[in-house]
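Working notes for the structure below.
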Amino acid sequence: MGLLQWQGKADDLFTQREDGQLYHWILPSFFHLLSTLHQQGRPFSIILRTFGTDLPNVLQSVHAALAGKHPQFPQLQELPLSVELTPGKIRCNKRETVLTRGTTRVSTKGKERNIYDYFTAMSGIGGFQDHFDWWARNSFTSSGGKPLWIDPNDCDNLHIIIDDNIRLTETDTIVNSR
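Numbered by the working numbering, the letters in the sequence shown go through residues 42 to 219 in order.
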């Protein structure tokens, strides 16, 4: 846990206090990833997904870091990345999965690939709150998990999900690969 501790003055955008200690709100490795991908000249976008309610704060923090306000990563202001500060939602039911953000609504009804195409066309950084109640109603199995649309024939776009609740079994796993 020592590596996660914040060194220096508290900053509401980048720190969280717990048990009397200051910690990084977003792990430094995330900011290193952004910097490295940019240095390598790779085109990329990042879609943050969570069951939680902290997405508005996370997006604000990333936005501030990209504006050069993070004391440990001022060079991030050189990255030509935008941050969509309006979080979206992904809601699931037996018939379809629906993505909404602002006035945008995308459904898998009629074409399962619609949300894959939407994500592939995104640029910059954005975020979506996934449907925790749907996962719970499906006994925390992959069939109720966060949908991850994959096209094995698309060599230009790679959709990756990183989560601490991915399991190799059907039970208690958080991803629903489609």
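From the three backbone atoms N, C-alpha and C, an ideal C-beta is built for every residue, glycine too. Fair warning: this is a prediction, and the values are worked out from it, not measured in the lab.
Environment of residue i [buried if 16+ CB atoms lie within 10 Å]
{"i": "Q170", "result": "buried"}
{"i": "K150", "result": "exposed"}
{"i": "T214", "result": "buried"}
{"i": "L100", "result": "buried"}
{"i": "I201", "result": "exposed"}
{"i": "H73", "result": "exposed"}
{"i": "N217", "result": "buried"}
{"i": "S183", "result": "buried"}
{"i": "S123", "result": "exposed"}
Within 8 Å, strictly: CB atoms of residue i and residue j
{"i": "G168", "j": "L44", "result": "no"}
{"i": "A105", "j": "Q118", "result": "no"}
{"i": "E153", "j": "R219", "result": "yes"}
{"i": "T127", "j": "R142", "result": "yes"}
{"i": "C133", "j": "W175", "result": "yes"}
{"i": "H111", "j": "F71", "result": "no"}
Length of the line joining the Cα atoms of residue i and residue j
{"i": "G82", "j": "S180", "result": "42 Å"}
{"i": "D204", "j": "Q113", "result": "25 Å"}
{"i": "R178", "j": "T210", "result": "18 Å"}
{"i": "F63", "j": "R208", "result": "First, the amino acid is wrong: residue 63 is Leu here, not Phe. Cα-Cα distance, rounded: 31 Å."}
{"i": "T161", "j": "S76", "result": "21 Å"}
{"i": "H172", "j": "Q46", "result": "31 Å"}
{"i": "M163", "j": "S86", "result": "7 Å"}
{"i": "S148", "j": "K187", "result": "15 Å"}
{"i": "Q80", "j": "G165", "result": "16 Å"}
{"i": "D95", "j": "D53", "result": "14 Å"}
{"i": "L120", "j": "L78", "result": "10 Å"}
{"i": "D192", "j": "F92", "result": "24 Å"}
{"i": "M42", "j": "D60", "result": "12 Å"}
{"i": "G185", "j": "G129", "result": "18 Å"}
{"i": "K135", "j": "L199", "result": "27 Å"}
{"i": "K50", "j": "P115", "result": "16 Å"}
{"i": "P69", "j": "V103", "result": "11 Å"}
{"i": "P84", "j": "C196", "result": "14 Å"}
{"i": "N58", "j": "N206", "result": "Note that residue 58 corresponds to Arg in the displayed sequence, not to Asn. In a straight line, the C-alpha of R58 is about 24 Å away from that of N206."}
{"i": "I131", "j": "N194", "result": "25 Å"}
{"i": "T212", "j": "N98", "result": "31 Å"}
Rounded distance between the beta-carbons of residue j and residue i, thought under 8 Å
{"i": "T138", "j": "I156", "result": "6 Å"}
{"i": "L140", "j": "Y159", "result": "6 Å"}
The ligand SAM heavy atom lying under 7 Å from the CB of residue i
{"i": "P84", "result": "Among the components of this structure there are no ligands whatsoever, and the ligand SAM is therefore not found."}
Strand pairing of residue i, partner residues [DSSP]
{"i": "I87", "result": "I166"}
{"i": "P188", "result": "N217"}
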